[in-house]
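Chemist:
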Amino acid sequence: MSDDNGELEARLEEQEEFEPPAAFVEQANVSDSDIYDEFEENWPDCWERAASMLDWTDDYDQVLDAENPPFYEWFTGGELNASANCLDRHLEERGDQPAIEWVGEPTDEENVTLTYRDLYERVNECAAALREMGVGEDDVVTMYMPMIPQLPVAMLACARIGAPHSVVFAGFSAEALATRMNAADSEYLVTCDGYYRRGDPLDHLSKANEGLDSVEHETTTVVVDRLGDDGHGHELDDSQHDWDDLLADHEGAEIDPVDRDAEDMLFLMYTSGTTGEPKGVKHTTAGYLSWVTWTSHSVLDIKPEDTYFCSADIGWITGHSYIVYGPLSLGTTTMMYEGTPDHPDRNRLWEIIEEYEATQLYTAPTAIRSFMKWGHQYPDDHDLSSLRLLGTVGEPINPRAWKWYYQHIGDEECPVVDTWWQTETGGHMITTLPGVGKMKPGSAGPALPGLDAQIVDTNGEAVDPGRAGHLTVQKPWPGMLRTLYNNDERFVDEYWREYSDTDSEDMADWVYFPEDGAKVDDDGYITVLGRVDDVLNVSGHRLGTMEIESAIVGVEGVAEAAVVGGDHEVKGEAVYAYVIVEDGQAESDEFRDEIVTAVEDAIGPIARPEAVVFTPELPKTRSGKIMRRLLEDIANGDDIGDTSTLRNPEVVEDIKTTLDEE
Ligand code: WTA
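In structure tokens, the structure reads:
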């Protein structure tokens, strides 16, 4: 890595704690440490602070209704509209201020600026069009779109008419799209012809159409023409409308934002769990919106005059909460970048930050590890002094990457917030408040004010500082998921059963289990260690091992498969697949490719196995359980400890040899 400032790096290497920079604290949205005590003493009414950041059309009667845990309700009786909160209320003061600065991947194309007024107009036109197509309140509209401005327009248009959206990451496969549309009984799809990736115009509509073929009910589709002349010559059929035509038909339309009950669903987001079937996480209008607004304010320190840049994809929860809803609710300028950080070269991200004078950068550890690998000469060549705060999300960040980010991107002048949270939590849960707490690289920090996070053993008892245990959240919070779509039972089983007295009606007996391991230090700082269920975290993306395994065993000629995560320098984790073939099936490279393709078809390229290892057997306990831990050790080249409890210890050496030969 570095050379010219080796001395500085040596100092940073030793340093385990960092005070928030004084200049930052002085202007921070939240800088008084009393907030922790205040929120605790005043719980749950402390959350009125978050609710008061929103505009309501009808006041709520009660902050928290905990009569039927874990089916909590927040701000009951209140009414509001999320799109009005993200748009209408800003028009008077900042109608001409950019709401979205969009940067396309091709450098020879014009970027798009949508002011709050522009965005308001587009959203109204889209809302009118959707309504005319038949979309009614509570109809789920699926979006299968990359990072183009029409995606947030469509999301806000749905919010405006009270239709929950379900955004499916554009990198997911046709099959994944169909599964989600079927599960949500979604009759509407907004998608696009294609998009640019590393200079190539990708065909997206063929994939969308293939997915639609497997949807069990009638559908209506809206297609954005993203590629123009670079398109793939698609013809739209009768059930498909062109986005531009639709919006032109409704030019100048204004649609009154529908009053939504606080607890009405704002959106669904499917995420991976332990079983093969994705979980439809349900978020509500008031609880979610107040949560992301409050945390965008207190953790990301967003102010209306900022140009805030989150490099996530809107197809994941980070983009929902911290590109779209949180920043727009606060009336700031939020950036969207279509492409990858290394196109056309490794300066791209730093060029964008320099050009737009971005004030915050929120990204993932996997990206930071790539930047580190490329070297600091790229950021060094750009003026990044507009940055005031840095954030990371998605997976644990190792202290070395944290310090690199702090030094080379933040110039030691920006606090770094390492934010732990999940699709299910709606927004930030564990992180330092950047204007309040010291930072400890590698540790996310304490739970946010008003939250109660504890590390417990298998009996649910708090473990001593320094000891690893399971992370739990002991009190409900407004941004929490309300249930899994159409599956209350699975909701209770997945998140609550482990540590709750499920017969109790007292919320003190209900404990949320996010399925992460963690430890806490004497200052109450939590280090999250990673998932304890069968979910992998590949480049910050959640992938269920079961989903991948079921794709593999679906290939003709495969008898059995086990998928585990192996350590990976950049991705954090990588997919390792151990496969037993049926008698007569050749263990060839062609067959390996077939398996890889099956995984890509079922889930998407993000789930592509790093290695497919053919083996005559899988290591199993005497009771027949696959020893996944052992398969992970093999993938990582770690020492394999005692194998005497195995039914078939000899298989371990065989697998190691096969993997080494690859
Ligand atoms: C992991 C992404 C350590 C964790 C917002 C969690 C993290 C899963 C962090 C949720 C962090 C997220 N430190 N681990 N700062 N942030 N995780 O639903 O395992 O895509 O359970 O939400 O990512 O992933 P999801």
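If you're matching positions, the sequence shown starts at 1 in full-length UniProt numbering and goes up one per residue. The beta-carbon is built from N, C-alpha and C at its ideal position, and this holds for glycine as well. These figures come from a predicted structure and were not determined experimentally.
1. Which of the three DSSP states is assigned to phenylalanine 18 in this structure?
2. Quick one: grab the DSSP three-state call for aspartate 3.
3. On a CA-only basis, which of Asp464, Val579, Glu494, Phe491 is nearest isoleucine 526? Give me that one, please.
4. When the Cα atoms are used, what is the spatial distance from serine 2 to isoleucine 397?
5. If you follow the beta strand (DSSP E) that serine 329 is in, where does it begin and where does it stop?
6. Would you call the region 157–177 and the region 246–263 touching, i.e. three or more CB-CB distances under 8 Å?
7. Do the region 358–368 and the region 303–318 touch if we need at least three Cβ pairs shorter than 8 Å?
8. What did DSSP end up calling aspartate 185 once you bin it into helix, strand or coil?
9. Let me check you understand the geometry: is the CB of isoleucine 397 closer than 8 Å to at least one non-hydrogen atom of the ligand WTA?
10. Terminal residues of the continuous alpha helix (DSSP H) containing residue 744?
11. Could you give the first and the last residue of the continuous alpha helix (DSSP H) run that contains cysteine 74?
12. Counting only runs of 3+ residues fully inside the region 385–413, write out the beta strand (DSSP E) ranges in chain order.
13. Where leucine 246 and asparagine 209 are concerned, what is the direct C-alpha to C-alpha distance, given to the nearest angstrom?
14. Among Ser239, Val579, Tyr196, whose alpha-carbon lies nearest the alpha-carbon of glycine 339?
15. Ends of the alpha helix (DSSP H) at methionine 265?
16. Taking Cβ positions, are glutamate 218 and aspartate 139 nearer each other than 9 Å?
17. In chain order, what residues of the same chain lie with their CB nearer than 6 Å to the CB of proline 476, ignoring the 5 residues before and after it?
18. Once DSSP output is grouped into helix, strand and coil, what is the label at aspartate 148?
19. Strictly by DSSP, which residues pair up with arginine 542?
20. Indicate, with yes or no, if the ligand WTA has a heavy atom lying under 8 Å from the CB of alanine 586.
21. Report yes if the C-beta distance between threonine 658 and valine 613 is below 9 Å; otherwise report no.
22. Name the DSSP beta bridge partners of aspartate 203, please?
23. Check glutamine 377 in the structure and name its three-state DSSP category.
24. Where do the ends of the alpha helix (DSSP H) carrying alanine 127 lie?
25. From Pro514, Asp516, Val532, Phe591, pick the residue whose C-alpha is nearest to that of isoleucine 552; which is it?
26. In the structure shown, what three-state DSSP assignment does methionine 53 receive?
27. Is there at least one non-hydrogen atom of the ligand WTA closer than 8 Å to the beta-carbon of proline 441?
28. Mapping the DSSP letters down to three states, classify glutamate 101 as helix, strand or coil.
29. Touch check for the region 544–551 and the region 498–506: three-plus C-beta pairs under 8 Å?
30. Going by alpha carbons, who is nearest to asparagine 182 out of Val651, Tyr485, Asp633?
31. Please tell me whether tyrosine 378 and tryptophan 404 are closer than 9 Å, where the distance is taken between their beta carbons.
32. Since valine 123 and alanine 82 are thought to touch, with beta carbons under 8 Å apart, how far apart are those beta carbons, to the nearest angstrom?
33. Check whether the Cβ of proline 514 sits closer than 8 Å to any heavy atom of the ligand WTA, and report yes or no.
34. Leaving out the 5 sequence neighbours to the left and right, which residues in its chain are closer than 8 Å to threonine 392 when beta-carbon positions are compared?
35. Answer yes or no: the CB of threonine 366 versus the heavy atoms of the ligand WTA, is any distance below 8 Å?
36. What does the Cβ neighbour count give for aspartate 313, buried or exposed, with the cut at 16 atoms within 10 Å?
Modeler: Per the coordinate set shown:
1. strand
2. Confidence at aspartate 3 is low in this model, with a pLDDT of 45, below 50, so its placement is unreliable and the value that follows should be read with caution. Aspartate 3 falls in the coil class under three-state DSSP.
3. Asp464
4. For serine 2, the predicted model reports a pLDDT of 42, less than 50, meaning its position is unreliable; a value from the coordinates is still stated below. Rounded to the nearest angstrom, the two C-alpha atoms are 20 Å apart.
5. It is not in any beta strand (DSSP E) - serine 329 instead sits in the alpha helix (DSSP H) that spans 326–329.
6. yes
7. yes
8. coil
9. yes
10. The question about residue 744 has no answer, for the chain in this structure spans 1 to 662.
11. According to the sequence shown, residue 74 is tryptophan rather than cysteine. Per DSSP, tryptophan 74 belongs to no alpha helix (DSSP H); it is in the beta strand (DSSP E), 73–76.
12. Complete beta strand (DSSP E) runs here, min 3: 389–393.
13. 20 Å
14. Tyr196
15. Looking at the DSSP string, methionine 265 is not in any alpha helix (DSSP H); the run it does join, the beta strand (DSSP E), is 265–271.
16. The Cβ atoms of glutamate 218 and aspartate 139 do not sit closer than 9 Å to each other.
17. Tyr72
18. Correcting the residue type first, residue 148 is isoleucine in the shown sequence and not aspartate. Isoleucine 148: coil per DSSP, three-state reduction.
19. According to DSSP, which records beta bridges pairwise, arginine 542 is partnered with Asn537.
20. no
21. yes
22. Aspartate 203 is bridged to Gly194.
23. helix
24. 116–133
25. Phe591
26. coil
27. no
28. strand
29. no
30. Tyr485
31. no
32. With 8 Å as the limit, valine 123 and alanine 82 do not qualify as a contact, their Cβ atoms being about 11 Å apart.
33. yes
34. Tyr362, Thr363, Ala364, Pro365, Ile368, Trp402, Tyr405, Val416, Val417, Asp418, Thr419
35. The answer is no for threonine 366.
36. buried
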